[in-house]
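Asks: In the UniProt record's numbering, the protein residues as written are 1 to 423. Built from N, CA and C at the ideal position, the CB exists for glycine as well.
So this is what it looks like as structure tokens:
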């Protein structure tokens, strides 16, 4: 039974495949096949939607990255790592590092070893997936500590020379300032608090009201958002770098206006040793200001102040090292102390920085000011103006005298060498 049945089935199948059908029917079937469109892949339309969705997400991420760069524009950037997933607000609650103290009672954090952390900082430019190095939650404990830059508790006593300078900055001024009533009715100041203005607006207001821009013929010079020279930044090694400072405002001196009689000495020293801080020829800086919008982070601004003010101290200390090498009774080191401010539209934090030893840089808070309170506003203005007056008076005189001493010693050595040569 199976054999004949299978044979019959094979014959029927064969008959369907053979050209035994009528010619007209075969023509109709052939014509239908030619007109039938090729089937589309069932995933094609889905993939088109997927591509459009991916493009939309990419554009959104780019906009976030661009906004991040605008909000933290004052420092170099670090490519994002897995650490980015850790919120810095969460890390703030972690216990602080146990600091040892030296013979003078100064806190000395342990220097991180080669395996301390998984992310090495770089000077690479920003990208869509990058963040500012100063925003890293471990920036102080890794990068700054590795380079001997430390934040001291505000309750610690200042060294004697720093305390004396801070007292000078706190003194009353003879020049008239705004009255309490004028501050209360300051519409621009009120706007900073009520409208949550961004960083440029905060900078513009205080640049017009408290932080003066020197005239071209003044000894002082102010640079806005200019990178400090890399050689000015205290970096002990390549593994954990201090973020290259780009202060929102930096006060120092005009090379030609402040040092007209010291040009020969400045040229002989070279830019890396003569106090040059940036490519605008700002010399021997002493005052760093970092702004944030009212939604900005003053913790980050303080990190920027740590690096910027340590760089100011480092520049001045280079001059002191050259003075020590003179071994002359006339030589007196200059005061390498520097000041910095981290602020937004409602609060300002004033810091002072100094060199403690051959290695260590310290920064400590002098005071905080609630800028919407008229008395605090006036006190803040007084501190700022006193710092600027100190910079263009006492400090500038010290630097001029030191450069003159170096030039005199150089000429003396040249003269002695000429006399010692046989005729």
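Classify residue 213 as buried or exposed, calling it buried when 16 or more other Cβ atoms lie within 10 Å of its own Cβ.
Replies: The residue is exposed, with fewer than 16 neighbouring Cβ atoms inside 10 Å.
Asks: If contact is defined by three or more beta carbon pairs under 8 Å, each pair taking one atom from either stretch, is the stretch 237-254 in contact with the stretch 279-299?
Replies: At 8 Å Cβ cutoff, the stretches touch.
Asks: Where residue 420 and residue 413 are concerned, what is the direct C-alpha to C-alpha distance, given to the nearest angstrom?
Replies: Cα to Cα, residue 420 sits roughly 11 Å from residue 413.
Asks: Am I right that residue 144 and residue 242 are in contact with their C-beta atoms under 8 Å? What's the rounded C-beta distance?
Replies: Correct: roughly 7 Å between the Cβ atoms.
Asks: Counting only runs of 4+ residues fully inside the stretch 262-287, write out the alpha helix (DSSP H) ranges in chain order.
Replies: Entirely contained in the stretch 262-287, the alpha helix (DSSP H) runs reaching 4 residues are, in chain order, 263-269.
Asks: Measure the Cβ-Cβ separation of residue 374 and residue 170 and say whether it is below 8 Å.
Replies: No. Outside cutoff.
Asks: DSSP three-state label for residue 304, please.
Replies: Here residue 304 sits in helix by DSSP.
Asks: Do the stretch 339-348 and the stretch 290-308 meet, that is, are 3 or more Cβ pairs less than 8 Å apart?
Replies: Verdict: yes, contact present.
Asks: Is it a yes or a no for the stretch 365-384 touching the stretch 315-331, going by three-plus beta-carbon pairs under 8 Å?
Replies: Flag = no, the stretch 365-384 and the stretch 315-331 do not touch.
Asks: In whole angstroms, what separates the C-alpha of residue 305 from that of residue 409?
Replies: Roughly 36 Å separates the two Cα atoms.
Asks: Does the stretch 310-320 come close enough to the stretch 152-163 to have 3 or more Cβ pairs within less than 8 Å?
Replies: Too few Cβ pairs lie closer than 8 Å, so no.
Asks: Within 10 angstroms of the Cβ of residue 167, are there 16 or more other Cβ atoms? Answer buried if so, exposed if not.
Replies: Exposed, because fewer than 16 other Cβ atoms sit within 10 Å of the Cβ of residue 167.
Asks: Quick check: the Cα distance between residue 302 and residue 173, rounded to an integer number of angstroms?
Replies: Distance between the alpha carbons of residue 302 and residue 173: 27 Å.
Asks: In this structure, how does DSSP classify residue 157 when only helix, strand and coil are distinguished?
Replies: Note: residue 157 maps to coil in three-state DSSP.
Asks: Is it right to say residue 136 is buried, meaning 16 or more other beta carbons lie within 10 angstroms of its own, or is it exposed?
Replies: Residue 136 comes out buried.
Asks: Extract the residue ranges of the beta strand (DSSP E) inside the stretch 216-250, only unbroken runs of 3 or more that lie entirely within it.
Replies: Runs of the beta strand (DSSP E) inside the stretch 216-250: 220-223.
Asks: For residue 370, does the three-state DSSP call read helix, strand or coil?
Replies: DSSP places residue 370 in strand when its eight states are reduced to three.
Asks: Mind checking residue 189: buried by the 16 CB within 10 Å criterion, or exposed?
Replies: So residue 189 counts as buried.
Asks: What does DSSP give as the partner residue(s) for residue 254 in the beta ladder?
Replies: Looking at the DSSP assignment, residue 254 forms a beta bridge with 282.
Asks: Tell me the DSSP secondary structure of residue 138 in three-state form.
Replies: Residue 138: coil per DSSP, three-state reduction.
Asks: Nearest-angstrom Cα distance between residue 333 and residue 182?
Replies: For residue 333 and residue 182, the distance between alpha carbons rounds to 43 Å.
Asks: Pairs of beta-carbons, one from the stretch 378-388 and one from the stretch 229-236, closer than 8 Å: are there three or more?
Replies: Output reads no: the stretch 229-236 does not touch the stretch 378-388.
Asks: Determine the extent of the alpha helix (DSSP H) in which residue 329 is found, giving its start and end residues.
Replies: It is not in any alpha helix (DSSP H) - residue 329 carries neither H nor E in the DSSP assignment.
Asks: Which partner residues of residue 151 appear in the DSSP bridge assignment?
Replies: Its beta-bridge partners are 363.
Asks: Under the DSSP definition of a beta bridge, which residues are partnered with residue 339?
Replies: 287, 352, per the DSSP bridge assignment.
Asks: Measure the alpha-carbon distance for residue 349 versus residue 227 and round it to whole angstroms.
Replies: Near 22 Å, if we compare the C-alpha coordinates of residue 227 and residue 349.
Asks: Opposite residue 347 in the DSSP bridges: which residues?
Replies: Answer is 370, bridged to residue 347.
Asks: Pull up the distance between the alpha-carbon of residue 411 and that of residue 299, whole angstroms please.
Replies: Straight-line Cα distance between these residues: approximately 49 Å.
Asks: Look at the alpha carbon of residue 247 and the alpha carbon of residue 297, and state the distance between them as a whole number of angstroms.
Replies: Their Cα atoms are separated by approximately 15 Å.
Asks: Compare the C-alpha of residue 407 against each of 353, 319, 361, 393 and name the closest.
Replies: Nearest C-alpha to residue 407: 319.
Asks: I need the DSSP call for residue 416, collapsed to helix, strand or coil.
Replies: In this structure, residue 416 counts as helix in the three-state DSSP scheme.
Asks: In whole angstroms, what is the alpha-carbon distance linking residue 220 and residue 258?
Replies: One C-alpha to the other measures close to 7 Å.
Asks: Using only CA atoms, which one of 141, 132, 149 lies nearest to residue 355?
Replies: Per the Cα distances, 149.
Asks: Taking C-alpha atoms, which residue in 352, 363, 361, 400 lies nearest to residue 384?
Replies: Here the closest residue by C-alpha is 352.
Asks: Indicate, with yes or no, if the ligand SAH has a heavy atom lying under 7 Å from the CB of residue 134.
Replies: Judged by which ligands are present, the structure shown has none, so any question about the ligand SAH falls away.
Asks: Can you give the beta carbon distance from residue 403 to residue 265, rounded, assuming they're within the 8 Å contact cut?
Replies: Confirmed, Cβ separation roughly 5 Å.
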